[in-house]
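> Mind having a look at this structure? Questions to follow.
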Amino acid sequence: MIKKHKIINGLVFLESGAFQPESVYLCDDRIVSEETYTFTEGEEALTDAEGNYVIPGLTDIHFHGCMGSDCCDGTREAFRTIAEYELQQGVTSITPATMTMSEETLTTICQAAKGFSCDNGADFCGLYMEGPFISSGKKGAQNENYIRPADTEMLQRLQQASGGMIRTVAIAPETEGAMDFIRANGGSVNISLAHTTADYDTAVKALSSGASQLTHMYNAMMPFSHRAPGPIGAAADNGHCMVELICDGIHIHPAAVRTTFKIFGDDRIILISDSMRAAGLKDGQYDLGGQTVTVKGNLAVLEDGTIAGSVTNLMNCVRRAVQDMGIPLASAVKCAAVNPAKAIGIYEAYGSLTPGKFGNIVILDQDLDLKAVFHRSVPVRLTGTKP
87 MIKKHKIING LVFLESGAFQ PESVYLCDDR IVSEETYTFT EGEEALTDAE
137 GNYVIPGLTD IHFHGCMGSD CCDGTREAFR TIAEYELQQG VTSITPATMT
187 MSEETLTTIC QAAKGFSCDN GADFCGLYME GPFISSGKKG AQNENYIRPA
237 DTEMLQRLQQ ASGGMIRTVA IAPETEGAMD FIRANGGSVN ISLAHTTADY
287 DTAVKALSSG ASQLTHMYNA MMPFSHRAPG PIGAAADNGH CMVELICDGI
337 HIHPAAVRTT FKIFGDDRII LISDSMRAAG LKDGQYDLGG QTVTVKGNLA
387 VLEDGTIAGS VTNLMNCVRR AVQDMGIPLA SAVKCAAVNP AKAIGIYEAY
437 GSLTPGKFGN IVILDQDLDL KAVFHRSVPV RLTGTKP
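Take 87 as the starting number for the sequence shown in my numbering and just add one per residue.
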């Protein structure tokens with residue numbers, strides 16, 4: 087059994103955010119330093135990544151599903167389908183998102199998530215709880231029938247059902263009980279402002295009370311304007327707030343993406359896909375949170391025309407950000423690998439090619455096409471690189 091692997095001659099993404107010609111050394115399931123790597127006859131494999139980029143596997147902290155499966159299916163079979171697809175796309179760690187649904191349904195999802203893992207899929211690092219603590223005024227594609235006031239006891243029940251797997255909770259800070267919820271839970275979960283009619287002052291208060299993120303910024307929130315900067319202005323003024331962006335070419339205009347990078351920098355942006363179950367499949371009708379969604383090309387909409395998530399995986403969002411929106415590759419990788427891992431508290435094991443972390447690695451050619459994916463040092467997709 088091959089226990090060691092060496093990737094040579096690639097342009098390696100460094101923790102500093104730059105690319106540099108280097109080698110990456112793998113032993114068992116981890117990245118190791120050159121100094122501690124020792125050659126052993128019969129136990130070493132070699133990949134020549136000449137002319138290619140070597141980057142950390144991506145982390146999608148906010149998406150709902152793909153390949154006909156959805157987080158809200160609430161089954162391990164659905165989680166397995168999702169994890170296997172994401173890994174093949176170079177997304178090596180995930181926290182799928184729930185929707186605004188009943189506590190009973192959310193409990194079923196949490197129970198399925200408890201202890202879940204998939205040997206042939208992306209690392210399942212938790213859940214993203216999008217709703218039900220949101221505003222009906224900016225519900226987007228969420229089901230208004232299940233919106234309810236923020237409830238710490240409910241979160242505790244769901245955390246117990248999931249075995250502590252809930253990493254992020256989305257909340258509208260202007261709603262009943264929201265500020266108390268943020269103060270009570272901001273130290274234990276990542277709280278993101280979402281589906282909200284909050285003004286600037288309310289968002290500032292929420293961010294100073296324990297919230298630390300904006301969910302799919304620009305979408306389902308008050309817009310930024312020169313007299314009413316809203317949550318976007320509040321996030322810009324708050325140095326610790328991270329903001330999510332969906333770079334699928336549908337949710338945000340390329341100029342707005344470029345402007346966001348100028349305002350926030352690549353230290354505070356998290357690229358997400360927000361994909362739903364139609365990702366990876368052909369056009370047609372699907373459902374999201376019990377609502378009918380029509381998919382045509384890259385656009386997914388409810389019956390009333392509301393955009394309902396995306397059908398683009400995170401790796402394709404990175405490609406679009408770089409190739410169509412003018413974002414530097416190093417910045418896009420940082421926002422799709424480093425920053426999401428930091429946001430949900432897993433950076434000690436994920437998000438960079440630093441010795442000691444899991445050997446979750448992606449090799450891209452100059453056109454950003456996938457050449458190889460390594461999951462915990464094991465090549466699960468290897469195309470066009472020299473063995």
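Yeah, the Cβ is synthetic: ideal placement off N, Cα and C, and Gly gets one too.
Since this is a predicted model, take the numbers as computed values, not measurements.
Using the Cα positions of residue 361 and residue 317, report the straight-line distance between them to the nearest angstrom.
23 Å
> When the Cα of residue 190 is compared with those of 263, 337 and 158, which residue comes out closest?
Taking only the C-alpha atoms, the option nearest residue 190 is 158.
> Ends of the alpha helix (DSSP H) at residue 248?
238 to 248
> So for residue 400, helix, strand or coil by DSSP?
helix
> Alpha carbons only, please: which of 298, 336, 137 and 121 is nearest the one belonging to residue 259?
298
> Report the option in 139, 104 and 91 whose CA atom is closest to the CA atom of residue 113.
91
> Could you spell out where the beta strand (DSSP E) holding residue 256 opens and where it closes?
252 to 257
> Which of the three DSSP states is assigned to residue 305 in this structure?
Residue state, collapsed to three classes: coil.
> Once the 5 residues before and after residue 343 are set aside, which same chain residues still bring their CB inside 8 Å of it?
For residue 343, same chain residues with a beta-carbon under 8 Å away, outside a window of 5 residues either side, are 331, 333, 407, 411 and 413 in chain order.
> Take the Cβ of residue 446 as the centre, count every other Cβ of all protein chains shown within 10 Å, and call the residue buried at 16 or more, exposed below.
buried
> Under the three-state reduction of DSSP, which class applies to residue 265: helix, strand or coil?
Annotated three-state conformation of residue 265 is helix, per DSSP.
> For residue 319, name the three-state secondary structure that DSSP assigns.
helix
> What residue range does the beta strand (DSSP E) around residue 424 cover?
Taken as a continuous stretch (DSSP letters only), residue 424 belongs to no beta strand (DSSP E), as it is neither H nor E.
> In angstroms with no decimal places, state the Cα-to-Cα distance between residue 448 and residue 355.
21 Å
> What are the start and end residues of the alpha helix (DSSP H) that includes residue 179?
Unbroken run through residue 179 is the beta strand (DSSP E), 177 to 180; no alpha helix (DSSP H).
> CB-CB under 7 Å to residue 240, same chain, minus the five flanking residues each way: which ones, in chain order?
189
> Name the one or two DSSP bridge partners that residue 130 has.
90
> Taking the alpha-carbon positions, what's the residue 173 to residue 117 distance?
Their Cα atoms are separated by approximately 18 Å.
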